[in-house]
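Engineer: Just so we're aligned, residue 1 is where the sequence shown starts under this note's numbering, counting upward by one.
Pasting a structure below so you can have a look.
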Amino acid sequence: MRSISVPVSLGIVELPKDANMKSVTVLALLILIGTNSVTWCGQSGIIHPPLNSRFPGSRTTWQGEIWLSWLAPIQHWFVESAIAGYERGYDEGCADARAAVKRSQTRGQQNPELDCPHSERFRNKAPYYSTQMTDFCTRYPEDRDLPLAFLIKMLMGPKPKTLEEIHQSLRPRE
Numbered sequence: 001m002r003s004i005s006v007p008v009s010l011g012i013v014e015l016p017k018d019a020n021m022k023s024v025t026v027l028a029l030l031i032l033i034g035t036n037s038v039t040w041c042g043q044s045g046i047i048h049p050p051l052n053s054r055f056p057g058s059r060t061t062w063q064g065e066i067w068l069s070w071l072a073p074i075q076h077w078f079v080e081s082a083i084a085g086y087e088r089g090y091d092e093g094c095a096d097a098r099a100a101v102k103r104s105q106t107r108g109q110q111n112p113e114l115d116c117p118h119s120e121r122f123r124n125k126a127p128y129y130s131t132q133m134t135d136f137c138t139r140y141p142e143d144r145d146l147p148l149a150f151l152i153k154m155l156m157g158p159k160p161k162t163l164e165e166i167h168q169s170l171r172p173r174e
């Protein structure tokens with residue numbers, strides 16, 4: 001099987017020949033966020049002094065500015081990827097819990113069957129979270145140094161925060 005080579009800072013990632021553009025884009029975005037390599041999508045043009053960022057991964061180019069430089073489909077794919085990760089983790093956790101309940105029931109213990117009531121929580125929500133992330137980066141430009149992974153985690157977490165709550169939770173820049 002032929003493959004597509006995607007350069008990464010320390011090597012090559014081999015993708016199957018039938019990999020579609022969406023999967024290549026998602027992989028590139030995840031590598032971008034993981035390595036903070038802004039040369040893949042171009043710099044936002046705004047370079048901040050190293051001491052001006054509250055987050056070590058955002059010392060030169062703030063991820064909120066990278067987010068705002070992306071086209072809407074790329075933002076949407078990024079959020080879809082995060083949602084897919086959350087859903088998979090949630091589903092696997094529920095499956096593990098169900099298996100544990102079944103095992104304990106076979107030993108004579110009576111436990112109600114475990115439900116996974118929030119399994120549909122993120123269905124069709126990528127546009128909503130994408131808009132929320134854009135609104136946050138637009139409304140609070142001083143908080144654009146917040147890594148995207150932290151922002152999406154606060155929006156999608158078990159106790160989701162509003163944009164104002166996220167802004168208030170960040171310590172002031174020194």
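For glycine and all other residues, C-beta sits at the position ideal for the given N, C-alpha and C.
#1: Distance, Cα to Cα, residue 170 vs residue 163?
#2: Would you kindly work out how many angstroms separate the C-alpha atoms of residue 136 and residue 165, rounded to a whole number?
#3: Tell me whether residue 99 counts as near the ligand ATP, meaning its Cβ is closer than 7 Å to at least one heavy atom of that ligand.
#4: Taking the alpha helix (DSSP H) that residue 159 belongs to, which residues open and close that run?
#5: Can you give me the Cβ contacts of residue 141 inside the same chain, cut-off strictly under 8 Å, excluding the 5 residues immediately before and after it?
#6: Output the boundary residues of the alpha helix (DSSP H) element that contains residue 120.
#7: From residue 134 to residue 161, what distance separates their C-alpha atoms?
#8: Can you look up residue 62 in the DSSP assignment and give me helix, strand or coil?
#9: Is it buried or exposed for residue 151, if we count other Cβ within 10 angstroms and need 16 for buried?
#10: Express the C-alpha separation of residue 130 and residue 71 in angstroms, rounding to a whole number.
#11: By the three-class DSSP mapping on this structure, what secondary structure does residue 70 have?
#12: Residue 120 to residue 86, Cα distance in whole Å?
#13: Under the assumption that residue 154 contacts residue 122 (Cβ atoms under 8 Å), give the Cβ distance between them as a whole number of angstroms.
#14: To the nearest angstrom, how far is the alpha carbon of residue 80 from that of residue 172?
#15: Please report the distance separating the alpha-carbon of residue 99 from that of residue 93.
#16: Cα separation between residue 69 and residue 104?
Structural biologist: In this structure, then:
#1: 11 Å
#2: 11 Å
#3: Because no ligand of any kind appears in the structure shown, any question about the ligand ATP cannot be addressed here.
#4: Looking at the DSSP string, residue 159 is not in any alpha helix (DSSP H), and its letter there is neither H nor E.
#5: 64
#6: Here residue 120 belongs to no alpha helix (DSSP H), and DSSP marks it neither H nor E.
#7: 15 Å
#8: coil
#9: buried
#10: 11 Å
#11: coil
#12: 11 Å
#13: Residue 154 to residue 122, Cβ: 15 Å. No contact.
#14: 31 Å
#15: 10 Å
#16: 52 Å
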